[in-house]
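Below: one structure, written as structure tokens.
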Ligand SMILES: Cc1ncc(C[n+]2csc(CCOP(=O)(O)OP(=O)(O)O)c2C)c(N)n1
Ligand SMILES: [Mg+2]
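Protein chains in written order, with our numbering: chain P, 1 to 334; chain D, 1001 to 1324.
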């Protein structure tokens, strides 16, 4: 399945730049979140913290193919979406630190990010709820006669919410320009798909609403990108919804607070096996083997990313808490 | 008596009731193999197996409806919601069905079930995971509402809840799970509608429940240093509610404060104030005040959250205000 094994046609400089950018973005998400995990243990980040580590290829591969006015919405495992959309890492980190300089002025935190400027219309912490709201964004695109489309990311567990079926039905009925992407990482918290879904072929389960659905391998960013390009084009043209079951895997616990994993519901061995498919070193190898990048190029990206994360952390650390007035603001529009 | 945590006490109640009645079963997300998000059900799947402990998909309206149907048929479901904030999804099942079936069937169908789980702020979980839910539930006729503050009460009230012939909404507090206290061994039930006078005092009555009791106790200690004697009433159950104990206390202290985490506006404190003024108006020497949550969605930032949730300082200030 992997494109890595195929012989590449000699890529253009443009293509090379794009591949390096995919690499940079995935690495940024990874390093950013590695720091988050640490900051959580130092009590600098509170509440619940859900990391995207292992799943980076999916958000990066898909989001890289969007137009700048397309919309993205997702569930609470949402740092990857905003970073892939180009949100300022400083503002993202500051939000996780609860600072007033954060994306949501410290009022949302990890599970509830928004970046309206980047067209990220929210991470949603109630499982399944993003599906309805994202469909409303697609409704608006249709209503306005716009060409833009919506990407809606959520987990395998969310397919068991009634809302999933209600809104996919309406999206199919009304031909709304949205791509539903289920991140099938095999588990909803501690429950494996086989124990939460009567039909474990999730693409099949979503196939009855009058629009296409398919399963893709989301551990390989090049493959994701290829699928994304095709599917996004199709949705933009047909203005019909599309459902994607993306096979992926999280290398870390459900949330940073979960210290029982691995062991309680999956084996360390399983996690180690999936790590062999880590999209980041795999892309690095591909780039090196195909002489698209030298080790020095990659080291430089590594260095840059390191610096960006460090700056974000410093910014978050040094930013002030919101003043007390902020508590009372934005309950209603005045 | 053994010292146990609140969550151990809850677990003990579940175990005893599972052992006592084969019709009792547990249902909820990640309660079995994963042993529960807050570990209340730790070891229960391993002990009782999948026939008694059901792991569900993330389908709150679905499994709560299924539990209601099973209750009508005579089973005794004890459903866990990971947090009560997720039960908003199932409010239709709870309010339109669990609360109404006995009434609209003219008494023919009973719904003996329990829905239990944590509700309340304090862990930086922000706006969608921090709701206090008691008011929403107490407001609807046809539901009982229990909201324990101590490990012993958690055990005694949960056992009573499971044996009750009505739908009981059982509200735990995430900040209380690890608190410790003496818990009677074996058979121990607490009747609903019996408040607990946690501390006796002569100057002012604090009426509260759940985490509010802990805050009230800390406040009382501080006020004692200034010579102010606080009486604390833990309501324990809001439906039915032991108003008589409240009025009795006010006949002694003539001053009262209601305390809860939940929003102030139209919160349960408003009911407390209304009951007192309807039934004990002549006893009052000062207006009854409320110390409650700020009327805003819960912010994530730790410092803002602290200001959105009642603190000991707020209670102390309110007491001084009614005493002045
Ligand atoms: C309605 C609702 N029920 C339960 C939860 C608690 N919860 C948060 S994440 C989660 C698991 C979701 O799994 P999945 O959808 O597969 O996404 P993943 O975490 O694997 O990315 C659960 C049960 C919730 N947030 N909302
Ligand atoms: Mg999942």
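Built from N, CA and C at the ideal position, the CB exists for glycine as well.
Interface residues of chain P around residue 1307 of chain D at Cβ under 8 Å? In the second chain, counting from the first residue as 1, residue 1307 of chain D sits at position 307. Within chain P, the residues near residue 1307 of chain D are 324 and 327.
Under the criterion of a Cβ to heavy atom distance below 7 Å, does residue 187 of chain P qualify as lining ligand 1? What you label residue 187 of chain P is simply residue 187 of the first chain in a count that begins at 1. Yes, since a heavy atom of ligand 1 falls inside the 7 Å radius drawn around the Cβ of residue 187 of chain P.
Local Cβ density within 10 Å of residue 23 of chain P, reported as buried at 16 or more and exposed below that: Counting from 1 along the first chain, the entry for residue 23 of chain P is found at position 23. Result: buried.
With three or more beta-carbon pairs closer than 8 Å as the criterion, would you say the region 171-186 of chain P touches the region 205-217 of chain P? yes
For a minimum of 3 consecutive residues, which ranges assigned as the beta strand (DSSP E) are wholly contained in the region 53-100 of chain P? 71-75
Buried or exposed for residue 1124 of chain D, please, with buried defined as at least 16 other CB atoms from any protein chain shown within 10 angstroms of its CB. Here residue 1124 of chain D is taken as the residue at index 124 of the second chain, counted from 1. Its Cβ being crowded by 16 or more others within 10 Å, residue 1124 of chain D is buried.
8 Å Cβ cutoff met for residue 287 of chain P and residue 19 of chain P: Looking up residue 287 of chain P in the first chain gives position 287. Looking up residue 19 of chain P in the first chain gives position 19. Yes, the pair counts as a contact, with Cβ atoms nearer than the cut-off.
Heavy atom of ligand 3 within 7 Å of residue 156 of chain P beta-carbon: The model depicted lacks ligand 3 and carries ligand 1 and ligand 2 instead.
Counting only Cβ pairs nearer than 8 Å, list the residues of chain P close to residue 1247 of chain D. The sequence position of residue 1247 of chain D within the second chain is 247, counting from 1. Under the 8 Å cutoff, chain P gives no residues; its nearest Cβ is about 36 Å from residue 1247 of chain D.
Residue 156 of chain P, DSSP secondary structure in three states: Indexing the first chain from 1 puts residue 156 of chain P at position 156. Of the three classes helix, strand and coil, the one that applies to residue 156 of chain P here is helix, per DSSP.
Rounded to whole angstroms, what's the CA-CA distance from residue 39 of chain P to residue 114 of chain P? Just pull it up for me. Your numbering for residue 39 of chain P matches position 39 in the first chain. Your numbering for residue 114 of chain P matches position 114 in the first chain. Going from the Cα of residue 39 of chain P to the Cα of residue 114 of chain P covers about 21 Å.
Identify the residues that DSSP records as bridge partners of residue 1080 of chain D: which are they? Working through the second chain from its first residue, we reach residue 1080 of chain D at position 80. Answer is D:1028 and D:1116.
Going along chain P in order, which residues have a C-beta closer than 7 Å to the C-beta of residue 1086 of chain D? To locate residue 1086 of chain D, count along the second chain from 1; it is residue 86. Near residue 1086 of chain D (Cβ distances below 7 Å), the residues of chain P are 126.
Which residues in the same chain have their Cβ closer than 6 Å to the Cβ of residue 51 of chain P, if we skip the five residues on either side of it in sequence? For this step, residue 51 of chain P is matched to residue 51 along the first chain. 33 and 252.
Return helix, strand or coil for residue 1177 of chain D, following the three-state DSSP convention. Indexing the second chain from 1 puts residue 1177 of chain D at position 177. Coil at residue 1177 of chain D, not helix or strand.
I'd like the list of long-range same chain contacts for residue 1134 of chain D, defined as Cβ closer than 7 Å, with 5 residues on each side in sequence excluded. On the second chain, residue 1134 of chain D is found 134 positions in, with the first residue counted as 1. If we look at residue 1134 of chain D and ignore the five residues flanking it on each side, its Cβ neighbours are 1145, 1147, 1171, 1238, 1262 and 1268.
Opening and closing residue of the beta strand (DSSP E) in which residue 120 of chain P lies: Within the first chain, residue 120 of chain P is the residue found at index 120, counting from 1. Per DSSP, residue 120 of chain P belongs to the beta strand (DSSP E) from 120-124.
Of the listed residues P:37, P:85 and P:254, nearest to residue 192 of chain P (C-alpha basis): In the first chain, the residue the question calls residue 192 of chain P occupies position 192. The candidate whose alpha carbon is nearest that of residue 192 of chain P is P:254.
Under 8 Å between C-beta atoms of residue 216 of chain P and residue 235 of chain P: What you label residue 216 of chain P is simply residue 216 of the first chain in a count that begins at 1. What you label residue 235 of chain P is simply residue 235 of the first chain in a count that begins at 1. Not closer than 8 Å, so no.
State the DSSP-derived secondary structure class of residue 1327 of chain D, mapped to helix, strand or coil. Residue 1327 of chain D is absent from the structure shown; chain D starts at 1001 and stops at 1324.
Expected contact under 8 Å - CB spacing of residue 1246 of chain D and residue 1257 of chain D to nearest Å: In the second chain, the residue the question calls residue 1246 of chain D occupies position 246. In the second chain, the residue the question calls residue 1257 of chain D occupies position 257. Residue 1246 of chain D to residue 1257 of chain D, Cβ: 12 Å. No contact.
Residues within the region 101-112 of chain P neighbouring chain D, beta-carbon criterion of under 9 Å: 102, 104, 105, 106, 107, 108, 109, 110, 111 and 112
What three-state label does DSSP hand residue 286 of chain P in the structure shown? As a working mapping, residue 286 of chain P is identified with position 286 in the first chain. The answer is helix: DSSP assigns residue 286 of chain P an H, G or I state.
Inter-stretch contact at 8 Å, needing at least 3 Cβ pairs: the region 1149-1157 of chain D / the region 1177-1187 of chain D: yes
Can you determine whether any heavy atom of ligand 1 sits closer than 7 Å to the C-beta of residue 1089 of chain D, and answer yes or no? Along the second chain, read from residue 1 onward, the residue named residue 1089 of chain D stands at position 89. Yes; taking the cut-off as 7 Å, the Cβ of residue 1089 of chain D has a heavy atom of ligand 1 nearer than that.
Should residue 79 of chain P be counted as a contact of ligand 1 given a C-beta to heavy atom distance under 7 Å? As a working mapping, residue 79 of chain P is identified with position 79 in the first chain. False, no ligand heavy atom lies under 7 Å from that Cβ.
Within 9 Å of chain P by C-beta, residues of the region 1046-1068 of chain D in sequence order: 1055, 1056, 1057, 1058, 1059, 1060, 1061 and 1062
Proximity test, residue 183 of chain P beta-carbon vs ligand 2 heavy atom, cut-off 7 Å: Translated into positions along the first chain, residue 183 of chain P becomes position 183. Flag set: Cβ of residue 183 of chain P near ligand 2.
Can we count residue 1029 of chain D as close to ligand 1, meaning its CB is less than 7 Å from some heavy atom? Start at 1 with the first residue of the second chain, and residue 1029 of chain D comes out as number 29. Indeed, a heavy atom of ligand 1 lies less than 7 Å from the Cβ.
Whose Cβ in chain D lies nearer than 9 Å to the Cβ of residue 35 of chain P? If you number the first chain from 1, residue 35 of chain P lands on position 35. The premise fails here: residue 35 of chain P is roughly 18 Å from chain D at the closest Cβ pair, so nothing lies under 9 Å.
Would you mind giving the Cβ-Cβ distance between residue 219 of chain P and residue 59 of chain P, rounded to the nearest angstrom? I have them listed as a contact below 8 Å. Reading the first chain from its first residue, position 219 is the one you call residue 219 of chain P. Reading the first chain from its first residue, position 59 is the one you call residue 59 of chain P. Rounded, the Cβ-Cβ distance is 13 Å, inconsistent with contact.
The beta strand (DSSP E) that contains residue 1170 of chain D, what's its start and end? By 1-based counting over the second chain, the position of residue 1170 of chain D is 170. Run containing residue 1170 of chain D: 1168-1172, per the beta strand (DSSP E) assignment.
Helix, strand or coil, according to DSSP, for residue 243 of chain P in the structure here? Position 243 of the first chain, counting from 1, holds the residue named residue 243 of chain P. Residue 243 of chain P falls in the strand class under three-state DSSP.
Once the 5 residues before and after residue 70 of chain P are set aside, which same chain residues still bring their CB inside 6 Å of it? Locating residue 70 of chain P in the first chain gives position 70, where the first residue counts as 1. Hits under 6 Å: 148 and 149.
Against chain D, which members of the region 186-197 of chain P pass a CB distance test of less than 8 Å? 188, 189, 190, 191, 195, 196 and 197
Would you mind telling me which residues of chain D sit closer than 7 Å to residue 321 of chain P, beta carbon to beta carbon, in chain order? Taking the first residue of the first chain as 1, we reach residue 321 of chain P at position 321. 1301 and 1303, listed in chain order.
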